[in-house]
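A quick write-up on the structure given underneath.
Numbering (my numbering), first residue to last: -5 to 302.
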């Protein structure tokens, strides 16, 4: 009986030792993170049903390929609950760092905090997280961009021009910031006759604009928080037989082509590929122990037909 117990004890000890050997020591992860060619990054995008975020993803993949960094991409499909689950899955897959383009800046906070507890650095792209430790936000200056749009409308149409504002996803930092910049100027210089969310979506931009046109037939201009909503608004305006200037935000390919065709009036152009590239570089720097700025700005430019 004693021999049986001793043999069992030996077997259990071997199993325990084997189990412990499966857990990499802390220095192994540090060593892995220091070598760019061994880094694995998770990228969570708010939606890939938007050309801007497709370009952002492409920028991440191009820079990662150049640095021989592995990237796992997941699409939240504009669903904040799905995005939180996606980030949890990326953590389970053992990523060294997370690049997150939040669908909702408040809703993503818990996932960011989960990554924090595991010492997985988080870099956000285009939109911030309300809570949690984010090593860097790589984004355009959305407040400045909103101001640029309002100033352009004032310059083109004069003071007190009647304007409709199409807002992005409620809760997204880009929505708040672009709206703030716009209203910093518009509340003093323009007459904002209506302001409604269309969730950064082209189809919603169309339907919301159709409804707002009925209630505001004398509107003189439209500012949309992104190009997708702006392009939807143009469809509604054309169907109504009116000629109303529309200003978007992002500078995606469809918008630039629309400007060339004389449909979209202007857009506050970002550089989504550059944002993606800069985010990869920031994540790599953090993993290698370098100091990065909390806010890393990407330049903006107002694009009109004259610039094409």
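Each residue gets a CB set at the ideal place from its N, CA and C atoms; glycine is no exception.
Measuring straight from C-alpha to C-alpha, what distance separates residue 289 and residue 46? 20 Å
Please state the DSSP three-state secondary structure of residue 45. helix
Beta-carbon proximity list for residue 101, same chain, < 6 Å, skipping 5 on both sides: 74
Any chance the stretch 115 to 127 sits against the stretch 63 to 78, with 3 or more Cβ pairs inside 8 Å? Touching, no.
Residue 51 burial status per 10 Å Cβ neighbour count (16 or more: buried): buried
So is residue 40 buried or exposed if we call it buried at 16+ other beta carbons inside 10 Å? buried
Taking the alpha carbon of residue 49 as the reference point, which residue from 283, 254 and 248 has its own alpha carbon closest? 248
Going residue by residue through the stretch 162 to 236, where are the continuous beta strand (DSSP E) segments of at least 3 residues, counting only ones entirely within it? Qualifying beta strand (DSSP E) stretches, in chain order: 185 to 191 and 215 to 218.
Put residue 298 into one of helix, strand or coil per three-state DSSP. strand
When you compare each of 217, 206, 137 and 208 to residue 178 by their alpha carbons, which one comes out closest? Nearest of 217, 206, 137 and 208 to residue 178, Cα basis: 137.
Determine the contact status of residue 274 and residue 58, defining contact as a CB-CB distance below 7 Å. Yes. Within cutoff.
My output table needs one value for residue 34: the three-state DSSP class, helix, strand or coil. strand
Where do the ends of the alpha helix (DSSP H) carrying residue 252 lie? 247 to 254
On the three-state DSSP scale, how would you describe residue 242? DSSP places residue 242 in strand when its eight states are reduced to three.
Distance CB(residue 202)-CB(residue 240) smaller than 7 Å: Contact flag unset, no.
So, helix, strand or coil for residue 159, using DSSP? strand
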